[in-house]
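This report refers to the structure that appears directly beneath it.
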């Protein structure tokens, strides 16, 4: 049995274990930031990925970020290093063979400390804010032990932090490592960018929020736009628009307002422009979604 077959067998074993633990769609474990997910039907979820690691154990899913689609399946992991608006779609799932996955939030301060302990210097590169890679033996071992803690709640407080640190080390020495190192370097070099991202996350519905964020960062708009796109893969306006459309989607599905009211609330002066951009991102017009 070669290495890839061994890892596939480990993943199947982990999937079987998770399948026995989670009988609902989304299960937040007693381990902080660690959740298990189960789907028996294909479906889409509109979300914002934070700093974390997504793991597929069974089935397949795709993630739409802006206008690009990224696919990953059993035995693969997706690392996201900043808050990214996205559409997550389960594309392979059934009652008899459900989609099974896990999400682990990562601690930025712990990543910074670990990178500083492992690396003498880091060169900032123009890398995307996410990556998809196959699981290796070391990461599979650490994740298996983390799942095992769910059945040993009295040991969570003592062992979960140690296993989480090991997972970060495994990520750093694996294929995801350059993305985490880049995050640490970008955080040190472009602290203003992360402040702007946080501001936009908290104030994206406000008028002139981008200009206000630029003023608070106290650097030129041109420099900030360049650095913002380097870190996020989007311009500030594109990022804000994604956040506004995600909020609009929530309001549409709540069916508490009409299309014009929703367009006004999320900052669109033109209902036709709102409908056009909403339809482009979500596949249906807001009016169609309101009728469902």
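Numbering (UniProt numbering), first residue to last: 1 to 292. Every residue, glycine too, gets a C-beta built ideally from N, C-alpha and C. Because the structure is a prediction, the values reported are computed rather than measured.
- With at least 16 other beta carbons inside 10 angstroms of its own, residue 209 counts as buried.
- Here DSSP, grouped into helix, strand and coil, assigns residue 220 to coil.
- In this structure, residue 252 lies near residue 289, with their beta-carbon atoms less than 8 angstroms apart.
- As computed with DSSP, residue 102 is found in a beta bridge with 36 and 55.
- Nearest C-alpha to residue 4 among 199, 136 and 115: 136.
- It is roughly 13 angstroms from the alpha-carbon of residue 113 to the alpha-carbon of residue 164.
- Pairing residue 78 with residue 45 gives a Cβ-Cβ distance that is not under 8 angstroms.
- Taking one beta carbon from each stretch, the stretch 150-161 and the stretch 173-185 have fewer than 3 pairs nearer than 8 angstroms; the two do not touch.
- When rounded, the separation of the alpha-carbon atoms in residue 167 and residue 256 is 43 angstroms.
- Taking every protein chain shown into account, the CB of residue 246 has 16 or more other CB atoms within 10 angstroms, so this residue is buried.
- Along the stretch 186-269, the alpha helix (DSSP H) occurs as fully enclosed runs of 4 or more residues at 191-203, 209-217, 221-232, 236-254 and 259-265, listed in sequence order.
- A direct Cα-to-Cα measurement between residue 241 and residue 36 gives close to 30 angstroms.
- Cβ neighbours of residue 87 within its own chain (closer than 6 angstroms, five residues either side excluded): 44, 46 and 64.
- Excluding its 5 nearest sequence neighbours in each direction, residue 14 has C-beta neighbours in its own chain below 6 angstroms: 57 and 144, listed in chain order.
- In the structure shown, the three-state DSSP call for residue 127 is coil.
- Straight-line spacing of the CA atoms in residue 76 and residue 134 works out to 4 angstroms.
- If you draw a straight line from the Cα of residue 54 to the Cα of residue 104, it is about 7 angstroms long.
- Per DSSP, the unbroken beta strand (DSSP E) holding residue 44 starts and ends at 43-49.
- Going by beta carbons, residue 31 and residue 150 fall inside the 8 angstroms limit.
- Residue 262 and residue 238 have their C-alpha atoms some 19 angstroms from each other.
- A straight-line Cα-Cα distance of about 17 angstroms links residue 101 and residue 51.
- Taking the Cα positions, residue 185 is about 47 angstroms away from residue 291.
- Around the CB of residue 83, 16 or more other CB atoms lie within 10 Å, so the residue is classed as buried.
- About 18 angstroms separates the Cβ atoms of residue 34 and residue 61, ruling out a contact at the 8 angstroms cut-off.
- The beta carbon of residue 106 sits closer than 7 angstroms to those of 51, 52, 53 and 168, all from its chain and outside the five residues before and after it, given in chain order.
- Ranking 93, 271 and 81 by CA distance to the CA of residue 230 puts 81 first.
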